[in-house]
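Residue numbers (my numbering): 2 to 205.
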Amino acid sequence: MLTLDHIAISTEALETGAAEVEEKLGVPLAPGGQHAAMGTWNRLLSLGPEEYLELIATEPGAPAPAQPRWFDLDNFAGVTRTTTWICRCDDLDAALAAAPEGTGVPWSLERADLRWRMAIPTTGLLPFSGLFPALIEWSGPAHPAPRLEDRSVRLTGLRLISPDADGLSAALAPMISDDRIEVVPGEVPRMEAVLATPSGEITL
């Protein structure tokens, strides 16, 4: 089974996006780092001891990978918004075998003492127009969530709005059980993260 690990908020420019998210949530984001393999960088926010929020953008001037970037960032434009949810597993290869075609191929990645394997689609876009989760397997005990200062922000809901809601629900059912995840029919695929913050409920 999969466990929700973190959510990714995509933005066109990291500094601008960070200011937008901080204003909406009423709390500061923590410094993240760079992903040399993907040409991206991020900021982070605790969502509790085992989950976090990642604000991510293409890093200006960074070399691009040989394939499309993860989270379909090469095609991202418009307002800063939730675009991807990432689920952890104990065995990435087994999880991929049970996942829909196109979920990705394993990459071994690292930043400082963090080590992980992640399935990255060769097209950059996850199944169901990006609404299926990205899969990650952390190597060793190091994980971003417990290192982040707790700002009392929690993920209370994740809405997956899909033109193929039945298909997405069927693909997710054997892989994850989380009452916060809601699959909703809709003509345009998108997702919404519902967050409880010190200043009230916010949807990104």
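By construction, the Cβ of each residue, glycine as well, lies at the ideal position given by its N, Cα and C atoms.
Computed from a predicted structure; not experimentally measured.
message = Let me check one thing: in DSSP terms, what residues is M119 bridge-paired to?
response = Answer by DSSP bridge pairing, in chain order: W108 and I137.
ask   = In whole angstroms, what is the alpha-carbon distance linking A194 and D179?
value = 14 Å
ask   = For D6, which of helix, strand or coil comes out of DSSP?
value = strand
message = Does the contact criterion of 3 or more C-beta pairs under 8 Å hold for the region 49-69 versus the region 90-98?
response = Contact fails between the region 49-69 and the region 90-98, because fewer than three Cβ pairs, one in each stretch, are under 8 Å apart.
query = Do you know whose CA, among L159, L136, G187 and T157, lies nearest D165's CA?
reply = Per the Cα distances, G187.
query = Which residue's Cα is closest to the Cα of G201: A14, S153 and E183?
reply = For G201, the nearest C-alpha among the options comes from S153.
message = What does the alpha-carbon distance come out to for the pair A58 and T85?
response = A straight line joining the alpha-carbon of A58 with that of T85 spans about 13 Å.
inquiry  = Quick check on the burial criterion: 16 or more other C-beta atoms within 10 angstroms. Buried or exposed for P175?
reply    = exposed
Own chain partners of D1 with C-beta closer than 8 Å, once the 5 adjacent residues on each side are dropped = Residue 1 is absent from the structure shown; the chain starts at 2 and stops at 205.
key: Residue environment, D6, which counts as buried when at least 16 other CB atoms sit within 10 Å   = So D6 counts as buried.
query = Where L161 and F72 are concerned, what is the direct C-alpha to C-alpha distance, given to the nearest angstrom?
reply = Distance between the alpha carbons of L161 and F72 is about 15 Å.
message = Assuming the contact rule is C-beta atoms closer than 8 Å, L127 and A38 should be a hit. Round their C-beta distance to whole Å, please.
response = Not really, about 18 Å apart at Cβ, beyond 8 Å.
query = Is it true that the CB of L56 sits closer than 8 Å to the CB of A14?
reply = no
message = In chain order, what are the residue ranges of uninterrupted beta strand (DSSP E) at least 3 long that sit wholly in the region 18-45?
response = For secondary structure counted as the beta strand (DSSP E) over 3 or more consecutive residues, the region 18-45 holds these complete runs in sequence order: 31-36.
Secondary structure of A197, DSSP reduced to three states = strand
key: Pair within 8 Å by beta-carbon distance, V22 and T81   = Yes; because the gap between Cβ atoms is below 8 Å, this pair is in contact.
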